[in-house]
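Trainee: One structure, as structure tokens, below. Some questions next.
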Amino acid sequence: MPKEIEDLWQKGIQYAKDCGAEIIDISLPNTSYALPTYYIVAPAEASSNLARYDGVKYGFRAKGENLIDMYEKTRSEGFGAEVQRRIMIGTYVLSSGYYDAYYLKAQKVRNLIKNDFDEAYKQVDAILTPSTPSSAFKIGEKKDDPVSMYLNDIFTVPVNLAGLPAISIPAGHDAAGYPLGLQIIGKAFKEQEILDVAYAMEEKISFKNKINDWWIK
Numbered sequence: 010m011p012k013e014i015e016d017l018w019q020k021g022i023q024y025a026k027d028c029g030a031e032i033i034d035i036s037l038p039n040t041s042y043a044l045p046t047y048y049i050v051a052p053a054e055a056s057s058n059l060a061r062y063d064g065v066k067y068g069f070r071a072k073g074e075n076l077i078d079m080y081e082k083t084r085s086e087g088f089g090a091e092v093q094r095r096i097m098i099g100t101y102v103l104s105s106g107y108y109d110a111y112y113l114k115a116q117k118v119r120n121l122i123k124n125d126f127d128e129a130y131k132q133v134d135a136i137l138t139p140s141t142p143s144s145a146f147k148i149g150e151k152k153d154d155p156v157s158m159y160l161n162d163i164f165t166v167p168v169n170l171a172g173l174p175a176i177s178i179p180a181g182h183d184a185a186g187y188p189l190g191l192q193i194i195g196k197a198f199k200e201q202e203i204l205d206v207a208y209a210m211e212e213k214i215s216f217k218n219k220i221n222d223w224w225i226k
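Take the sequence shown: its letters are residues 10 to 226, numbered as in the numbering used here.
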């Protein structure tokens, strides 16, 4: 984690203390496997869900010389590069011979990640993390390096895998003036609690955006 993100996180901890929160260190040991787990489970679900978009009943349809040609052109012209990449990964991990080796194991790890959060919530009411390991990158900047792009999801995908509510609040900016956020993760079906925490912390946070010259208060 870059130093500026670490510093932002420490400021967030202080903001929470200023709001009256008690800070407790917790361990989420299996979240280190969250990123590879997510990029097995999510593409598998995408591949399965998007299989229906073949140009016959739903959405875009490309013209083809025959049915197979229409299928191929519809799915190549109708989906962008990232969607196609996820479909291919998902189709691979769901295919015969790889389902048990990849998808089934990923679902087991997903359950372990959820259990980590369940154990943590026996001690705490909410969890504070950075939202991302960096500020937003330019559109298309990482299109040729998808792994680097996926690494920006490191703090958010564990939440998705565990099926928990979370909110990101503006909390500072990097050296170039781009905004950075803090993520508040709550218990399942306790959205109001994290909204209350977010509101209280935003009352304590005040920073100026260097790019557009406006204040967050």
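Even glycine gets a Cβ: it sits at the ideal position worked out from N, Cα and C.
Is it the case that the Cβ atoms of Gly99 and Ala43 are separated by a distance below 7 Å?
Mentor: Taking 7 Å as the Cβ cut-off, Gly99 and Ala43 do not qualify as a contacting pair.
Trainee: Can you grab the Cα-Cα spacing for the pair Tyr159 / Lys147, in whole Å?
Mentor: Those two C-alpha atoms are separated by around 14 Å.
Trainee: Measuring only the C-alpha atoms, how far is Asn120 from Ala171?
Mentor: Each residue's Cα considered, the two are about 8 Å apart.
Trainee: Compute the distance between the beta-carbons of Ala175 and Ile194, then report whether it is under 7 Å.
Mentor: Yes; because the gap between Cβ atoms is below 7 Å, this pair is in contact.
Trainee: Let's see if you can read the secondary structure: which residues bound the alpha helix (DSSP H) around Ile22?
Mentor: Lys12 to Asp27 is the extent of the alpha helix (DSSP H) around Ile22.
Trainee: Alpha helix (DSSP H) containing Ile203: first to last residue?
Mentor: Element bounds for Ile203: Glu200 to Lys213.
Trainee: Using beta-carbon positions only, say whether Ser144 and Leu189 come within less than 7 Å of one another.
Mentor: A contact, by the Cβ cut-off of 7 Å.
Trainee: Tell me the start and end of each unbroken beta strand (DSSP E) in the region 35–103 that is at least 3 residues and wholly inside, in chain order.
Mentor: The qualifying runs do not exist here; there are none.
Trainee: Let me confirm a value: Arg95 is counted as buried when at least 16 other C-beta atoms fall within 10 Å, else exposed. Which label applies?
Mentor: Looking at its Cβ environment, which holds 16 or more other Cβ atoms inside 10 Å, Arg95 is buried.
Trainee: For Glu13 and Asp78, I'd like the C-alpha separation in whole angstroms.
Mentor: Roughly 51 Å between the two C-alpha positions.
Trainee: If we ignore side chains and look at the alpha-carbon of each, how far apart do Asn218 and Val118 end up?
Mentor: Its pLDDT being 48, under 50, Asn218 is placed unreliably in this model, and the coordinates cannot settle the point.
Trainee: Which whole-angstrom value describes the C-beta separation of Ile214 and Ala185, a residue pair presumed to lie in contact below a C-beta threshold of 8 Å?
Mentor: Rounded, the Cβ-Cβ distance is 19 Å, inconsistent with contact.
Trainee: Return the first residue and the last residue of the beta strand (DSSP E) that Gln192 is part of.
Mentor: First-last of the beta strand (DSSP E) with Gln192: Pro188 to Gly195.
Trainee: Pairing CB atoms from the region 121–141 with CB atoms from the region 16–23, are three or more of them under 8 Å?
Mentor: Because the criterion of three Cβ pairs below 8 Å is met, the region 121–141 and the region 16–23 touch.
Trainee: Nearest by alpha-carbon distance to Leu204: which of Lys151, Ser36, Pro167 and Ala135 is it?
Mentor: With distances taken between Cα atoms, Leu204 lies closest to Ala135.
Trainee: Between Asp27 and the rest of its own chain, which residues show a CB-CB distance below 7 Å, the 5 nearest in sequence each way excluded?
Mentor: Excluding sequence neighbours, Asp27 sits near Lys213.
Trainee: So, using beta-carbon positions, are Asn39 and Asp109 closer together than 7 Å?
Mentor: No; because the gap between Cβ atoms is not below 7 Å, this pair is not in contact.
Trainee: Can you give, in chain order, each stretch of the beta strand (DSSP E) that sits fully within the region 94–157 and has at least 3 residues?
Mentor: Runs found: 135–139.
Trainee: Which stretch, first to last residue, makes up the beta strand (DSSP E) that contains Pro179?
Mentor: From DSSP, the beta strand (DSSP E) with Pro179 extends over Ala175 to His182.
Trainee: Can you tell me whether Met97 is buried or exposed? The criterion is at least 16 other CB atoms within 10 Å of its CB, across all chains shown.
Mentor: Flag for Met97 reads exposed.
Trainee: In whole angstroms, what separates the C-alpha of Lys152 from that of Val92?
Mentor: Answer to the nearest angstrom: the Cα atoms are 12 Å apart.
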